[in-house]
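A.B. asks:
Numbering (the numbering used here), first residue to last: 43 to 120.
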């Protein structure tokens, strides 16, 4: 029984949103489950998908908080 955890930032997909929609979560669950079936032959009914929404200020890469990294990238500094 595979358990797949997907972490996404809680910001949503547009600037006026603060979370991922239920429809987007359903699509993630369906897509990840299908990949497990296609790649590892794991039946859909035995695959669990956990979606964790993480506050944006709890993410970072490139040695910077996400907001600063994105700002630097937009300004051509990254």
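Cβ atoms here follow ideal geometry from the backbone N, Cα and C, with glycine treated the same way.
Note down, in chain order, each residue of its chain lying with its Cβ closer than 8 Å to the Cβ of residue 79, except the 5 sequence neighbours on either side.
C.D. replies: For this step, residue 79 is matched to residue 37 along the chain shown. Closer than 8 Å at the Cβ level, and outside the excluded window around residue 79, lie 85, 86, 89.
A.B. asks: Taking contact to mean 3 or more Cβ pairs, one atom from each stretch, closer than 8 Å, check whether the region 104-117 and the region 59-74 are in contact.
C.D. replies: With the cut-off at 8 Å, the region 104-117 and the region 59-74 do not touch.
A.B. asks: For residue 81, does the three-state DSSP call read helix, strand or coil?
C.D. replies: Position 39 of the chain shown holds residue 81. Of the three classes helix, strand and coil, the one that applies to residue 81 here is helix, per DSSP.
A.B. asks: List the endpoints of the continuous beta strand (DSSP E) containing residue 46.
C.D. replies: Here residue 46 is taken as the residue at index 4 of the chain shown, counted from 1. Taken as a continuous stretch (DSSP letters only), the beta strand (DSSP E) holding residue 46 covers 45-51.
A.B. asks: Hey, would you say residue 50 sits closer than 7 Å to residue 91, going by beta carbons?
C.D. replies: Counting from one through the chain shown, the residue named residue 50 turns up at place 8. Counting from one through the chain shown, the residue named residue 91 turns up at place 49. It is not a contact, given that the beta carbons lie outside the stated cut-off.
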